[in-house]
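Position one of the sequence shown corresponds to residue 116 (the working numbering), numbered consecutively onward. We put the beta carbon where it would ideally sit given N, CA and C, even for glycine.
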Amino acid sequence: MSKTQPLQVMMDAIDFDQRNIQTSSKYISFDTIINTEIICDIYQNQDKKMVSLQSYLPVKAAKLQIGLKLIDKDHSEYVVYPSHELVYPFTKEYDQVLHLCHVLQDKIRNKS
Numbered sequence: 116m117s118k119t120q121p122l123q124v125m126m127d128a129i130d131f132d133q134r135n136i137q138t139s140s141k142y143i144s145f146d147t148i149i150n151t152e153i154i155c156d157i158y159q160n161q162d163k164k165m166v167s168l169q170s171y172l173p174v175k176a177a178k179l180q181i182g183l184k185l186i187d188k189d190h191s192e193y194v195v196y197p198s199h200e201l202v203y204p205f206t207k208e209y210d211q212v213l214h215l216c217h218v219l220q221d222k223i224r225n226k227s
């Protein structure tokens, strides 16, 4: 049995007061999320591969799209992307997107 792919969506907005992420198709409440993981899609030679950022071995020629995988109480998986931009590893843009993912992770984990 194959594992279903997570729903991949672009973030339209993050509402820290209401504790949710708005996408074009739904709102994802921070309070329903039980786990998060920063992932990256690697684009190289017409291929796209999704991996955990911890397991990613930098390839200079590859562009990345960094996202945050969210798993909710129903075990539905989403990957939200804070940016449409593809970034090269260890650039200023890469650091900015990664920082936003870390901030979002912290806000989701902090239940207050």
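Exposure label - residue i; buried when at least 16 CB within 10 Å
i, result
"alanine 128", "exposed"
"valine 212", "buried"
"tyrosine 193", "buried"
C-alpha distance - residue i paired with residue j, whole-angstrom precision
i, j, result
"serine 144", "phenylalanine 205", "30 Å"
"lysine 222", "cysteine 216", "10 Å"
"aspartate 156", "leucine 168", "9 Å"
"aspartate 189", "tyrosine 171", "28 Å"
"valine 124", "glutamate 200", "14 Å"
"methionine 116", "lysine 141", "With a pLDDT of only 43 at methionine 116, under the threshold of 50, the placement of this residue in the model should not be trusted; the figure read from the coordinates follows. Each residue's Cα considered, the two are about 28 Å apart."
"lysine 207", "glutamine 220", "20 Å"
"aspartate 187", "arginine 224", "12 Å"
"valine 218", "aspartate 210", "12 Å"
"glutamine 120", "serine 139", "19 Å"
"aspartate 130", "tyrosine 203", "28 Å"
"serine 191", "isoleucine 181", "20 Å"
Supposed contact pair residue j and residue i - C-beta distance, whole angstroms, cut 8 Å
i, j, result
"leucine 179", "isoleucine 148", "Not confirmed; about 23 Å, so no contact."
"valine 195", "isoleucine 136", "6 Å"
"threonine 151", "leucine 183", "6 Å"
"glutamine 161", "alanine 177", "Contact doesn't hold; Cβ gap of about 12 Å is too wide."
Nonlocal neighbours in the same chain, by C-beta distance under 7 Å from residue i, ignoring five residues either side
i, result
"proline 197", "Met126, Val212, Leu215, Cys216"
"valine 166", "Ile154, Cys155, Ile157"
Spatial neighbours of residue i in its chain, beta-carbon cut-off 8 Å, leaving aside the 5 residues before and after
i, result
"aspartate 146", "Arg134, Lys226"
Paired residues, beta bridge with residue i - DSSP
i, result
"aspartate 130", "Asn135"
Contact set for residue i: own chain, Cβ-Cβ below 6 Å, skip 5 residues either direction
i, result
"lysine 164", "Ile157"
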